[in-house]
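Visitor: So the mapping is simple: the working numbering equals the position in the sequence shown, first residue as 1, plus 5. Where is the CB? At the ideal position from N, CA and C, for every residue including glycine.
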Amino acid sequence: MFSPEAAEENKGKLIRKITTDVVIVEQPLQITLSWLEQGVVKNTVFTITMRTPGHDKLLITGLLHSEGVIKQLSDIESIKLASEGVTGEGWQNEWLVHFITGFTPDLSSLERYIISYSSCGLCGSTSLKTLQLKTTINLAFTEHKHALAAQSLLLLSSKMRSEQALFDKTGGVHGAALFMLKVELAFKNKVERAFEQQLNKQLTLQHIYEDIGRHNAVDKVIGALLTSTSISSTAKDKLAQVNCDALSLSVPLRLLLVSGRISFEIVQKTIMAGIHVLVGVGAPSDLAIQAAKQFDLTLIGFVSERGFNVYHGDWRLSNHQR
Numbered sequence: 006m007f008s009p010e011a012a013e014e015n016k017g018k019l020i021r022k023i024t025t026d027v028v029i030v031e032q033p034l035q036i037t038l039s040w041l042e043q044g045v046v047k048n049t050v051f052t053i054t055m056r057t058p059g060h061d062k063l064l065i066t067g068l069l070h071s072e073g074v075i076k077q078l079s080d081i082e083s084i085k086l087a088s089e090g091v092t093g094e095g096w097q098n099e100w101l102v103h104f105i106t107g108f109t110p111d112l113s114s115l116e117r118y119i120i121s122y123s124s125c126g127l128c129g130s131t132s133l134k135t136l137q138l139k140t141t142i143n144l145a146f147t148e149h150k151h152a153l154a155a156q157s158l159l160l161l162s163s164k165m166r167s168e169q170a171l172f173d174k175t176g177g178v179h180g181a182a183l184f185m186l187k188v189e190l191a192f193k194n195k196v197e198r199a200f201e202q203q204l205n206k207q208l209t210l211q212h213i214y215e216d217i218g219r220h221n222a223v224d225k226v227i228g229a230l231l232t233s234t235s236i237s238s239t240a241k242d243k244l245a246q247v248n249c250d251a252l253s254l255s256v257p258l259r260l261l262l263v264s265g266r267i268s269f270e271i272v273q274k275t276i277m278a279g280i281h282v283l284v285g286v287g288a289p290s291d292l293a294i295q296a297a298k299q300f301d302l303t304l305i306g307f308v309s310e311r312g313f314n315v316y317h318g319d320w321r322l323s324n325h326q327r
């Protein structure tokens with residue numbers, strides 16, 4: 006709580022007064038990685054980032070997955086405070102990630118992360134190449150064609166806004182929300198194993214997090230997704246796992262909504278998490294659009310109750326109300 010000096014207009018004049026204001030907390034987060042290599046314990050500081058404290062384990066998990074350091078949640082043995090039992094200023098800001106026995110992090114991915122976020126001169130083509138090195142994911146799942154009703158997007162931002170308690174108090178945080186649409190596929194020809202799409206339910210809110218950094222809010226959402234369900238490397242893997250005697254299959258379409266603009270970094274995190282649709286309240290960058298096209302991510306900006314802009318992947322949208 007702070008007591009700033011405020012100015013309000015009253016009959017054409019600015020009146021000075023002391024008021025009470027709630028502001029968001031911003032603290033550094035240091036992430037150190039630890040693993041066993043040939044009987045020797047190795048440690049390295051992965052990053053120090055500014056964030057709003059809370060849900061730090063989810064943030065760390067999401068960040069490590071987004072950067073290709075881990076492939077699945079099971080690569081991590083534990084995430085603990087570096088100084089457990091210690092009190093004092095900043096004691097909750099240093100975290101230690103222990104990897105499972107036999108797992109060695111890809112140090113080249115660590116080097117790419119450091120280069121990507123420390124070099125102001127990094128060009129767009131290098132960023133896209135780096136993303137290619139991190140993942141071979143394919144988001145182009147044809148069973149999602151026309152699965153998402155365009156009308157259902159108009160109220161997304163208001164749905165997220167209604168759940169943002171920190172923003173209500175401070176006005177100083179970004180939000181990220183994960184929605185899911187269950188796309189039901191049923192056999193129309195069991196012999197040929199052909200599927201037909203079933204018209205389905207509305208988008209349902211799965212996870213929502215807030216943070217002073219938009220990228221942190223996204224990492225928390227991805228961490229929650231990893232914790233609640235495993236992420237398939239490709240959507241088509243799900244079809245390959247279907248039992249021959251199965252009569253139907255539920256293939257979720259995942260949509261990430263972010264407040265503000267859509268940067269390349271946000272697109273990268275979305276793609277790495279296997280999320281099919283990215284929607285932003287603001288505009289995307291040119292590099293964000295390039296990456297979306299390359300990985301066939303549906304990219305939507307300027308979403309509001311009045312409409313939105315589709316920059317790529319309109320094949321997932323339908324004009325029919327569901």
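The alpha helix (DSSP H) that contains VAL286, what's its start and end?
Guide: Taking the first residue of the sequence shown as 1, we reach residue 286 at position 281. Segment: none, VAL286 is in no alpha helix (DSSP H) and carries neither H nor E.
Visitor: Does the Cβ of MET277 have 16 or more other Cβ atoms within 10 Å, making it buried, or fewer, making it exposed?
Guide: Mapped onto the sequence shown, residue 277 falls at position 272. Under this definition MET277 is a buried residue.
Visitor: According to DSSP, which residues form a beta bridge with LEU304?
Guide: Numbered from 1 along the sequence shown, position 299 holds the residue referred to as residue 304. LEU283 and HIS317.
Visitor: Figure out for me which residue from TYR316, HIS70 and VAL282 has the closest Cα to the Cα of SER79.
Guide: Mapped onto the sequence shown, residue 79 falls at position 74. It is HIS70 whose Cα lies nearest to the Cα of SER79.
Visitor: Distance, Cα to Cα, LEU260 vs THR275?
Guide: Translated into the one-based positions of the sequence shown, residue 260 becomes position 255. Translated into the one-based positions of the sequence shown, residue 275 becomes position 270. Roughly 9 Å separates the two Cα atoms.
Visitor: Counting beta carbon pairs with one atom in the region 59-67 and one in the region 219-233, are three or more of them shorter than 8 Å?
Guide: Enough Cβ pairs lie closer than 8 Å, so yes.
Visitor: Where does ARG219 sit, in a helix, a strand or coil, going by DSSP?
Guide: Here residue 219 refers to the residue found at position 214 when the sequence shown is read from its first residue. Helix, per DSSP.
Visitor: Take LEU244 and list the residues in its own chain whose beta-carbon comes closer than 6 Å to its own, dropping the five residues that flank it on each side.
Guide: Counting from one through the sequence shown, the residue named residue 244 turns up at place 239. Low local confidence applies: a pLDDT of 46 at LEU244 is under 50, so the model's placement there is unreliable, with the coordinate-based value given in what follows. Cβ within range, chain order: n/a, list empty.
Visitor: SER163: beta carbon under 7 Å from a heavy atom of the ligand GTP?
Guide: Inclusion of the ligand GTP in the displayed structure is not the case, the ligand content being empty and no account of it being possible.
Visitor: Just to confirm my understanding: we take GLY312, look at its own chain, exclude 5 residues before and 5 after, and list those with CB closer than 8 Å. What are they?
Guide: Stepping through the sequence shown from its first residue, residue 312 is reached at position 307. The residues are LEU159.
Visitor: If you follow the alpha helix (DSSP H) that SER163 is part of, which residue opens it and which one closes it?
Guide: Within the sequence shown, residue 163 is the residue found at index 158, counting from 1. 161-166 is the span of the alpha helix (DSSP H), which, as asked, contains SER163.
Visitor: If you follow the alpha helix (DSSP H) that HIS70 is part of, which residue opens it and which one closes it?
Guide: One-based indexing of the sequence shown puts residue 70 at position 65. Its alpha helix (DSSP H) spans residues 61-71.
Visitor: Any contact between the region 32-41 and the region 50-65? By contact I mean 3 or more CB pairs, one from each, below 8 Å.
Guide: Yes, they touch.
Visitor: Confirm, please, whether the CB-CB distance from HIS317 to ILE3 is below 8 Å.
Guide: In the structure as shown, the chain starts at 6 and stops at 327, and residue 3 therefore has no counterpart that could be examined.
Visitor: What does the alpha-carbon distance come out to for the pair GLY59 and VAL102?
Guide: Taking the sequence shown and counting its residues from 1, the one referred to as residue 59 is at position 54. Taking the sequence shown and counting its residues from 1, the one referred to as residue 102 is at position 97. Distance between the alpha carbons of GLY59 and VAL102 is about 17 Å.
Visitor: Reducing DSSP to helix, strand and coil, say where ILE213 ends up.
Guide: To locate residue 213, count along the sequence shown from 1; it is residue 208. Residue state, collapsed to three classes: strand.
Visitor: So, under 8 Å CB-CB, LEU283 and LEU304 are touching, yes? Tell me the CB distance rounded to an integer number of Å.
Guide: The sequence position of residue 283 within the sequence shown is 278, counting from 1. The sequence position of residue 304 within the sequence shown is 299, counting from 1. Right, the Cβ-Cβ distance comes to about 5 Å (below 8 Å), so this counts as a contact.
Visitor: Can you say whether LEU19 is buried or exposed, counting buried as having 16 or more other CB atoms within 10 angstroms of its CB?
Guide: As a working note, residue 19 is residue 14 in the sequence shown. LEU19 comes out exposed.
Visitor: My output table needs one value for GLU148: the three-state DSSP class, helix, strand or coil.
Guide: Along the sequence shown, one-based indexing puts residue 148 at 143. GLU148 falls in the helix class under three-state DSSP.
Visitor: Do you know offhand how far GLY73's Cα is from GLU82's?
Guide: Locating residue 73 in the sequence shown gives position 68, where the first residue counts as 1. Locating residue 82 in the sequence shown gives position 77, where the first residue counts as 1. Cα to Cα, the separation comes out at about 17 Å.
Visitor: Closest by CA to ASP319, which one among LEU183, GLU215 and LEU153?
Guide: As a working mapping, residue 319 is identified with position 314 in the sequence shown. Comparing Cα positions, the closest option is LEU153.
Visitor: Ends of the beta strand (DSSP E) at VAL74?
Guide: One-based indexing of the sequence shown puts residue 74 at position 69. Where VAL74 is concerned, there is no enclosing beta strand (DSSP E), given that its DSSP letter is neither H nor E.
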